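Reviewing the structure listed below.
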Amino acid sequence: MNMEEAANRAEEILDGTMGAIEPPVTWGRGPSSEPICTDFKNDATGGGEVTRRRLALTIISAERRGSFLGVVERYWKKSGYTIKSVRNHPENPAIFASTSDGFGLSLEVGYKGQVFLDVGSPCVSKSEVPDPPADPHSSELPPNPNDPKDPMAEGPWGLPYLTSDFWSAKSAPEPSGNSLPSTSSQ
């Protein structure tokens, strides 16, 4: 596999993960990176890695973050990915996983509820790497109303600002399925 193929594979993993989230969340693309691979002496090996990133523009409330991470964790397991660790932090939870072909995945909640989804490749053959595809919906989004004095309010890593009736709700989600006994009499 070369770096271009690794970038395409990372995009497939990101798209699959985002597609598994219902109701859908609006995402923006974070910066891509293509560092060189080094050996134990920090000498270049002639290979490279590719990292692709997405940032949720939809507000995921503190009350819904556990459910959000649970949806992603179930999708990753269903896809055959190995869950490496889960960070059960009340404000900054995260899930880390890997694929059978060596890609590393992370879903992390950061500063003021920012949600980052990253996929990094293993060391692969060096090649040209195309820029990530443009966001098809970016021109349709309303401007970000976050406080411009906040250093994290601008740029590709801006704070989430779009709302979802489900993901932005300030209450925990109801259990799914018919797990509660019926109260009607026969």
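For the sequence shown, position 27 matches number 46 in the working numbering, and the numbering has no gaps at all.
Ideal placement from N, C-alpha and C gives every residue a C-beta, glycine not left out.
Owing to the predicted nature of the structure, the values given are computational and were not obtained by experimental measurement.
8 Å or more divides the Cβ of residue 129 from the Cβ of residue 122. For residue 148, the secondary structure class from DSSP, reduced to helix, strand or coil, is coil. Between the C-alpha atoms of residue 49 and residue 73 there is a straight-line separation of about 5 Å. With respect to the C-alpha of residue 151, the residue from 26, 22, 21 having the closest C-alpha is 26.
A straight line joining the alpha-carbon of residue 187 with that of residue 109 spans about 17 Å.
Assignment of beta-bridge partners to residue 83 by DSSP yields no partner. Taking C-alpha positions only, residue 65 is separated from residue 22 by approximately 12 Å. Annotation: residue 193 to residue 43 spans about 18 Å, alpha carbon to alpha carbon.
Classified as buried, residue 68 has 16 or more neighbouring CB atoms from the shown chains inside 10 Å of its CB. In this structure, DSSP gives residue 91 a helical state, which the three-state scheme calls helix.
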